Each structure stands twice: as structure tokens, then as C-alpha cells.
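Novice:
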Amino acid sequence: MNEQLVVLVTYFVLAVFIGFEVVSKVPTILHTPLMSGSNAIHGIILVGALLIAAHAQTPVEIVLGFVAVVLATINVVGGFVVTDRMLEMFKGRQLGRTDGKAGKEP
Amino acid sequence: MTIATALVYLLAAILFILGLLFLSSPRAARYGNWIAAGGMVLAVGWTGVVLYRSFTSAGLAICVSGVVIGGVAGTVAARKVKMTAMPQMVALFNGVGGGAAALVAVAELLKGAGSHSELQTGLPVVFAIIIGSISFAGSIIAFAKLQELMTGTPITYPGQHVVNAALALAILAVAGVLLAMTGSVVILAVLLILVLVLGVTFVLPIGGADMPVVISLLNACTGLAVAASGFVLDNFALIVAGTLVGASGTLLTKLMSDAMGRRLSTVLFGAVGQVQQAGASTGVKGRATRTGTADDIGMLLAYSNFVIIVPGYGLAVAQAQHVLRELVDLLEQRGVEVAYAIHPVAGRMPGHMNVLLAEAHVPYEQLKEMDEINDEFKRADVALVVGANDVVNPAARNSPGSDIYGMPILNADQARNVVFLKRSMRPGFAGIDNELFYDPRTIMLFGDAKESLARLVAAVKAA
Chain V
1048 MNEQLVVLVT YFVLAVFIGF EVVSKVPTIL HTPLMSGSNA IHGIILVGAL LIAAHAQTPV
1108 EIVLGFVAVV LATINVVGGF VVTDRMLEMF KGRQLGRTDG KAGKEP
Chain E
56 MTIATALVYL LAAILFILGL LFLSSPRAAR YGNWIAAGGM VLAVGWTGVV LYRSFTSAGL
116 AICVSGVVIG GVAGTVAARK VKMTAMPQMV ALFNGVGGGA AALVAVAELL KGAGSHSELQ
176 TGLPVVFAII IGSISFAGSI IAFAKLQELM TGTPITYPGQ HVVNAALALA ILAVAGVLLA
236 MTGSVVILAV LLILVLVLGV TFVLPIGGAD MPVVISLLNA CTGLAVAASG FVLDNFALIV
296 AGTLVGASGT LLTKLMSDAM GRRLSTVLFG AVGQVQQAGA STGVKGRATR TGTADDIGML
356 LAYSNFVIIV PGYGLAVAQA QHVLRELVDL LEQRGVEVAY AIHPVAGRMP GHMNVLLAEA
416 HVPYEQLKEM DEINDEFKRA DVALVVGAND VVNPAARNSP GSDIYGMPIL NADQARNVVF
476 LKRSMRPGFA GIDNELFYDP RTIMLFGDAK ESLARLVAAV KAA
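Sequence lines, in order, name chains V and E. Residues in the first sequence are numbered from 1048 upward in steps of one, following the working numbering. Residues in the second sequence are numbered from 56 upward in steps of one, following the working numbering.
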């Protein structure tokens, strides 16, 4: 079991470094969409919610599991949809134009 | 965990990392979001497949109905929300995520009730409960402040520091007791109440203008709570995705407060115990402002050479970005040079104003960032400030006592004329008076931004 824990801690530490690295050069204009997008990613808690809800038997477990699944799904679905709406605004204006590798940003 | 599951989770983790990477680049941001969503579908879908045989009947019912209800609620909320209300929507989505993480941990804790669980699972359980609940309660308050369900100004009382510190200590003590006597429902309830209260009291003293930074911080917190739940459930996907968000969210919080010229510690603890309360701005109360008519201002604009527009939240609230663009088009037809000066935190979040103006099809080339345009104000005939206030408030430069002192601002006060389109003399989001209102070169035009702009359009047409 302890070996298992060491492995998990390793994942954790590596993920910290990657997390810092990937957003280190984000322009101000993308702060809001990035926050919203990463907000959707922590909706992965839905996997955890499903794991506890799937085997629910007692009333308490059922209530907890159900509420957790609902909240987590709102987080995931709402998060991705709202981020897409934000980024959609840029399309055809600034981001869309450069989609087809058509030159540099002004 | 089977090998197949491990590989699927690994693939999902890769997609999350690529998604975040793309989201940080203007070219590929939208794809980044889709890639991350793909990773999510993969991870959740595979979990469903693996669980398929072992669902209890009640479990199957709540999972399916929960996903359907949550999916519909999330989609409707995200589709219906106005662009201007985006920040509080993100806060709300973040809050429910934190709540879910806390509930998962609570369920795990109750499952182990009575048995002596080891510290290595007990610790992350308690951590997830504490951080998840604080994130939940804090996000709800952030939502309420931004939605103007409650006042956006800092709510302070004497001894706030002491109360919060005492709460934090009490939480640590109760958490210790909970670890010692695993699964005690009474202790758990006490802990939950304490952390929810701390979440509320932590965000209450923070002003509305600083809320984006707080939401970003709570977002990072939820990520960490999710990662902790991953340790509890031995789940690779939760640990990696949660940690990614925790780390990137922490850095993003720092980047945001830098963009606002605020130190993070000032944002989080600055208002606590604050007594001076606008002491710096009392001198300007009761002084006269100059109010202009739309015709005067239209004439001024029409015969200018160079106009810089400073859009702010008022523009967004009035949904006036389309009328503004009409006005700019008219001015350009007359040969007036026009640029938009975008403060990093114009609107209510960094990047928020770019989103709104892009919606009105304002060409990207006309949007100038603060560093790019600040030297140009000297050359401008008119700085037209539409529904903005704090981002042009010279107090940020001149009054060390002011709340916004040190925030980088747009040099609108250096233009030959300054025109404010404002709803009223009400101070801005940060709740601070603006001495620029009383400057002799300043003309005020009161009213809803959309109506004022429409009147200006008519005036310029007639000029």
C-alpha cells in the first residue's frame, strides 16, 4: 500500500510542474477563458462522484451520491459550454483568422 | 485498476494537458477547450463502462438521473447566461465542483465509519472536505457579490482577522479530532459548519473589483480538493486533472493580480481591519462637475483628429457595444482616427472586454492594450470613457491611501478632453470617488450607456 502511495505522490508532483508550465505564457486576453476551461477540467470529480454513487445502498449514500453527481455534472457541462461560448466570440475576428495558418497575429 | 482503465485515464490526462496548453494560446484556444472536453468524455464514459456490471439498482438510477439533470441544468445555465454575467457563472460552476469534491470525501468517510482507517486515506479525506467546502461557500458569496444579490463593497468589522484566524485554528483542531475518531458524524457536522462559515467570512471582506482573483484562487482550491479525492479513491485521473488545475490555477491567480497591479496578499487580506475607508477621496466630495449635452459632445467628437475610447463594465451592462461600434464607424467615415484602450481588467475579468467587443465585431487591430496605448493619450483630442471609472482613476497613481493605489491605469487624464458616459455619479466597482470627474477638462454625460451613445450617433450625423 505504501508503494502505491509513493506512485500517487509522484503523479501529483509531476502534475504540479506540468500545470505551472502549461500556463506560464498565457496572454491577458485569455485569462478568463483559461480560468473557465480549467474550471471545467476539475469537473473530473464527476468520475469520483460516479464511483461512490454507483454502489450506493443506504438512503444517506443515495442522497450524497445523487447530489454529488448532479453538482459535478453541472461543473463539467456548464464549464465546457460557457468556455466555448467565450472563445466562439473571438472566432472569425482574431482567432479564427489565424486558424488556417494564415500569417502572424498583428 | 485494470490496465485498460489506466491507459484510458492516461490518454485523458494527456488530453487535459494539451487542452490547457492550447487554451493558453490565442490561435488554438477553442480547440484546446474541445480537446479537454474530449478527455472528459473519455474518462467519464470509460468509468461508466467499467462500473456497468457493478451498479446497484439505486446506484444506476441516481447516476443516470444525476447526469441528465446536471447536464441539462449546466447546459441551460451556460447557454442562457449573458456575456456580461460570465464571471459569476464561472464562480458558480466552480462552487458546485468544490461541493461535489467535498461530498465525495464525506461519502468515503462515512463508508469507513467505525473502522480504523489509516492516516494516508484519512488525511486526504479531511483535506478534500475542508478545501472543497471552503471553495463551495466562497464561490457562492463571490457569485452573490457579482450578481449584485449583495453589496459588492468589502464587508468588514473589527477583529475580523482574529475571527478568521480563530476559525481556521478551530477547523484544524476539529479535523484532528475527526482523524483520531474516524467517521464520527457529530464531529463531521461540526467540521462542515465551521469550514462553510470560514468560506463565507473569507470572501466577505473582499471587494467586487478583486473578485476575479478570488474566483481564480477558489478554482485552484477546487482543483486541489479534487486531487485529494483522487488520493482517497486511488484514482489516477482525479489526481492528475485536479493537480493540473490546482497548479495552473495558482499561477493564473498570480498572473491576474499582477495584471491588476495588486499584490495577492493585499487582495486577500487587505480589506480586513480597514478603517480609513475612502479617506483619500473625501477631499473631492461636493465639488462641481461639468455636464454636457449630447450635441456638444457629438460636435467635439466629429471635429477631433484622434479619439481614444475607454470601454468599461457600464458599456457591457448596457449591451452598448454595437452602438459604440456604429459611432466609431461614423467617426472613421469623417476621417477621425479611433482606437480602443483596453485595460487588462476592463469589464470584470481580465480579457472580459475583448470578448464583449469581439462579439460586436470590432476589428482586433483597433483594440490596444494598456502598455501600447498609454503614451498615445497625450496626442488624443478626446478620451471617451464609456461606463468605466476605476481604470482611469488618477487616485491609483496619486493617493497612497486609496484602495486602488498602485493599480496600473489608462492615462485618460492626459487627453485634451475627457468625456465620461456614466449612469450616475455613483462611484465605480471599487467604491472609490474619481477626482477626474471634477477636472475642468472633463465633460459628463449621464444616462444609460446605450442611450447616450445613440444620442451621440445622432449628434455626429448632424454635425
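All C-beta atoms, glycine included, are put in the ideal place defined by N, C-alpha and C. Just so it is clear, the structure is predicted and the values come from calculations on it, not from any experiment.
For phenylalanine 71 of chain E, which of helix, strand or coil comes out of DSSP?
Specialist: The count along the second sequence starts at 1 and reaches residue 71 of chain E at position 16. Looking at phenylalanine 71 of chain E - three-state DSSP - the assignment turns out to be helix.
Novice: Find the residues of chain E that neighbour glutamate 1108 of chain V, judging by a C-beta separation of less than 8 Å, and give them in chain order.
Specialist: Residue mapping note: residue 1108 of chain V aligns to position 61 of the first sequence, counting from 1. Neighbours of glutamate 1108 of chain V on chain E, chain order: Ala162, Leu165, Lys166.
Novice: Sort out for me which residues DSSP pairs glutamate 392 of chain E with in a bridge.
Specialist: Numbered from its first residue, the second sequence carries residue 392 of chain E at position 337. For glutamate 392 of chain E, which the question treats as bridged, DSSP gives the partners E:Phe361.
Novice: Taking leucine 465 of chain E as the reference, which of E:Glu431, E:Leu476, E:Lys516 has the closest Cα?
Specialist: For the purposes of this step, residue 465 of chain E is taken as the residue at position 410 of the second sequence. The shortest C-alpha separation from leucine 465 of chain E is found at E:Glu431.
Novice: Does asparagine 1049 of chain V pass the burial test, meaning 16 or more other C-beta atoms within 10 Å, or should it be called exposed?
Specialist: Within the first sequence, the letter at position 2 stands for residue 1049 of chain V. Classification for asparagine 1049 of chain V: exposed.
Novice: Along the chain, where does the alpha helix (DSSP H) containing isoleucine 195 of chain E start, and where does it finish?
Specialist: Residue mapping note: residue 195 of chain E aligns to position 140 of the second sequence, counting from 1. 174-201 is the span of the alpha helix (DSSP H), which, as asked, contains isoleucine 195 of chain E.
Novice: What does DSSP give as the partner residues of threonine 497 of chain E in its beta bridges?
Specialist: The residue labelled residue 497 of chain E in the question sits at position 442 within the second sequence. For threonine 497 of chain E, which the question treats as bridged, DSSP gives the partners E:Val473.
Novice: Compile a chain-ordered list of the residues in the segment 1100-1124 of chain V whose CB is closer than 8 Å to at least one CB of chain E.
Specialist: Within the segment 1100-1124 of chain V, the qualifying residues are Ala1100, Ala1101, His1102, Ala1103, Gln1104, Val1107, Glu1108, Ile1109, Leu1111, Gly1112, Phe1113, Val1114, Ala1115, Val1116, Val1117, Leu1118, Ala1119, Thr1120, Ile1121, Asn1122, Val1123, Val1124.
Novice: Kindly say whether glycine 328 of chain E, judged by its beta-carbon, lies nearer than 8 Å to any beta-carbon of chain V.
Specialist: Position 273 of the second sequence holds residue 328 of chain E. With a pLDDT of only 38 at glycine 328 of chain E, under 50, the local geometry of the prediction cannot be trusted, and no value is derived from it.
Novice: State the Cα-Cα distance for the pair leucine 227 of chain E and valine 250 of chain E, rounded to the nearest angstrom.
Specialist: The count along the second sequence starts at 1 and reaches residue 227 of chain E at position 172. The count along the second sequence starts at 1 and reaches residue 250 of chain E at position 195. Leucine 227 of chain E and valine 250 of chain E: Cα-Cα distance of roughly 10 Å.
Novice: Measuring alpha carbon to alpha carbon, tell me which of E:Asn290, E:Thr206, E:Leu234, E:Gly126 ends up nearest isoleucine 1092 of chain V.
Specialist: One-based indexing of the first sequence puts residue 1092 of chain V at position 45. Ranking the options by Cα distance to isoleucine 1092 of chain V, first place goes to E:Asn290.
Novice: Using a Cβ-Cβ cut-off of less than 8 Å, list which residues of the segment 112-133 of chain E approach chain V; keep chain order.
Specialist: Result list: Ala113, Gly114, Leu115, Ile117, Cys118, Ser120, Gly121, Val122, Ile124, Gly125, Gly126, Ala128, Gly129, Thr130, Ala132, Ala133.
Novice: Measuring only between beta-carbons, confirm whether histidine 171 of chain E sits less than 8 Å from chain V.
Specialist: Along the second sequence, read from residue 1 onward, the residue named residue 171 of chain E stands at position 116. Any answer about histidine 171 of chain E is weak, because its pLDDT of 49 lies below 50 and its placement is not dependable; what the coordinates show is given next. Chain V, which has no Cβ nearer than 8 Å to the Cβ of histidine 171 of chain E, makes this no.
Novice: Considering only the alpha carbon of each residue, which of E:Gly297, E:Met480, E:Gly167, E:Gly347 lies closest to arginine 496 of chain E?
Specialist: Here residue 496 of chain E refers to the residue found at position 441 of the second sequence. Ranking E:Gly297, E:Met480, E:Gly167, E:Gly347 by Cα distance to arginine 496 of chain E puts E:Gly347 first.
Novice: Can alanine 450 of chain E and tyrosine 460 of chain E be called in contact, C-beta distance under 8 Å?
Specialist: As a first step, residue 450 of chain E is located in the second sequence; it is residue number 395 there, counting from the start. As a first step, residue 460 of chain E is located in the second sequence; it is residue number 405 there, counting from the start. Yes.
Novice: Is valine 1124 of chain V near the ligand COA, going by C-beta to nearest heavy atom under 7 Å?
Specialist: Of the ligands one can find in the structure shown there are none, so the ligand COA has no counterpart to examine.
Novice: Just reading off the beta strand (DSSP E) that valine 440 of chain E is part of, what are its end residues?
Specialist: Position 385 of the second sequence, counted from the start, is the residue given in the question as residue 440 of chain E. Valine 440 of chain E -> beta strand (DSSP E) spans 437-441.
Novice: When you compare only the Cα positions, how much space is there between glycine 263 of chain E and threonine 211 of chain E?
Specialist: Numbered from 1 along the second sequence, position 208 holds the residue referred to as residue 263 of chain E. Numbered from 1 along the second sequence, position 156 holds the residue referred to as residue 211 of chain E. Distance between the alpha carbons of glycine 263 of chain E and threonine 211 of chain E is about 13 Å.
Novice: DSSP beta-bridge partners for glutamate 1135 of chain V?
Specialist: Here residue 1135 of chain V is taken as the residue at index 88 of the first sequence, counted from 1. In the DSSP output, where bridge partners are listed per residue, glutamate 1135 of chain V has none listed.
Novice: With which residues is proline 366 of chain E paired in a DSSP beta bridge?
Specialist: Here residue 366 of chain E corresponds to residue number 311 of the second sequence, with the count starting at 1. Proline 366 of chain E is bridged to E:Val441.
Novice: By how many angstroms is the C-alpha of methionine 205 of chain E removed from the C-alpha of lysine 1076 of chain V?
Specialist: Your numbering for residue 1076 of chain V matches position 29 in the first sequence. Your numbering for residue 205 of chain E matches position 150 in the second sequence. At residue 1076 of chain V the sequence reads isoleucine, which differs from the lysine that was named. Taking the straight line from one Cα to the other gives about 28 Å.
Novice: Find the residues of chain B that neighbour threonine 497 of chain E, judging by a C-beta separation of less than 8 Å, and give them in chain order.
Specialist: You won't find chain B in this structure, because its protein chains are V and E.
Novice: If you draw a straight line from the alpha carbon of valine 1116 of chain V to that of glutamine 1104 of chain V, how long is it in whole angstroms?
Specialist: On the first sequence, residue 1116 of chain V is found 69 positions in, with the first residue counted as 1. On the first sequence, residue 1104 of chain V is found 57 positions in, with the first residue counted as 1. The alpha-carbon atoms of valine 1116 of chain V and glutamine 1104 of chain V are separated by roughly 15 Å.
Novice: Of all Cβ atoms in chain E, is any one closer than 8 Å to the Cβ of valine 1053 of chain V?
Specialist: Walking along the first sequence from the start, residue 1053 of chain V turns up at place 6. It does not; no Cβ of chain E falls within 8 Å.
Novice: Hey, would you say valine 1070 of chain V sits closer than 8 Å to serine 80 of chain E, going by beta carbons?
Specialist: Looking up residue 1070 of chain V in the first sequence gives position 23. Looking up residue 80 of chain E in the second sequence gives position 25. No, the Cβ-Cβ distance between valine 1070 of chain V and serine 80 of chain E is not below 8 Å.
Novice: Is the separation between the beta-carbon of phenylalanine 1127 of chain V and that of threonine 298 of chain E shorter than 8 Å?
Specialist: To locate residue 1127 of chain V, count along the first sequence from 1; it is residue 80. To locate residue 298 of chain E, count along the second sequence from 1; it is residue 243. The answer is no: Cβ separation not under 8 Å.
Novice: What residues from chain V crowd round threonine 57 of chain E, counting only those whose CB sits closer than 9 Å?
Specialist: In the second sequence, counting from the first residue as 1, residue 57 of chain E sits at position 2. Within chain V, no residue comes near threonine 57 of chain E; the closest Cβ sits about 14 Å away, beyond 9 Å.
Novice: Where does histidine 171 of chain E land, buried or exposed, given buried means 16+ other C-beta within 10 angstroms?
Specialist: Taking the second sequence and counting its residues from 1, one reaches residue 171 of chain E at position 116. Only weak support is given to the placement of histidine 171 of chain E: the predicted model assigns it a pLDDT of 49, under 50, and the value that follows is read from those uncertain coordinates. Classification for histidine 171 of chain E: exposed.
Novice: Which residues of chain V have a Cβ atom closer than 7 Å to the Cβ of phenylalanine 110 of chain E, listed in chain order?
Specialist: Sequence index remark: in the second sequence, residue 110 of chain E carries index 55 (1-based). Those within 7 Å of phenylalanine 110 of chain E in chain V are Ala1101.
Novice: Residues of the segment 144-158 of chain E in Cβ contact with chain V at a cutoff of 7 Å, in chain order, please.
Specialist: Of all residues in the segment 144-158 of chain E, Met144, Val145, Phe148, Asn149, Val151, Gly152, Gly154, Ala155, Ala156, Leu158 have a Cβ within less than 7 Å of some Cβ in chain V.
Novice: Distance check for methionine 1082 of chain V and valine 241 of chain E, CA to CA, integer angstroms please.
Specialist: For the purposes of this step, residue 241 of chain E is taken as the residue at position 186 of the second sequence. For the purposes of this step, residue 1082 of chain V is taken as the residue at position 35 of the first sequence. For valine 241 of chain E and methionine 1082 of chain V, the distance between alpha carbons rounds to 36 Å.
Novice: Using the Cα positions of isoleucine 248 of chain E and alanine 61 of chain E, report the straight-line distance between them to the nearest angstrom.
Specialist: Numbered from its first residue, the second sequence carries residue 248 of chain E at position 193. Numbered from its first residue, the second sequence carries residue 61 of chain E at position 6. One C-alpha to the other measures close to 37 Å.
Novice: Anything in chain V within Cβ reach of threonine 277 of chain E, meaning under 7 Å, just list it in chain order.
Specialist: Within the second sequence, residue 277 of chain E is the residue found at index 222, counting from 1. Those within 7 Å of threonine 277 of chain E in chain V are His1089.
Novice: Put lysine 423 of chain E into one of helix, strand or coil per three-state DSSP.
Specialist: As a working note, residue 423 of chain E is residue 368 in the second sequence. Three-state DSSP puts lysine 423 of chain E in a strand.
Novice: When we look at the beta-carbon of arginine 1132 of chain V and count the other beta-carbons within 10 Å, is it buried (16 or more) or exposed?
Specialist: The sequence position of residue 1132 of chain V within the first sequence is 85, counting from 1. Flag for arginine 1132 of chain V reads buried.
Novice: Contact defined as beta carbons within less than 8 Å: I believe glycine 285 of chain E pairs with leucine 293 of chain E. What is the distance between those atoms, to the nearest angstrom?
Specialist: Walking along the second sequence from the start, residue 285 of chain E turns up at place 230. Walking along the second sequence from the start, residue 293 of chain E turns up at place 238. Between leucine 293 of chain E and glycine 285 of chain E the Cβ distance is about 3 Å, and since that is below 8 Å, they are a contact.
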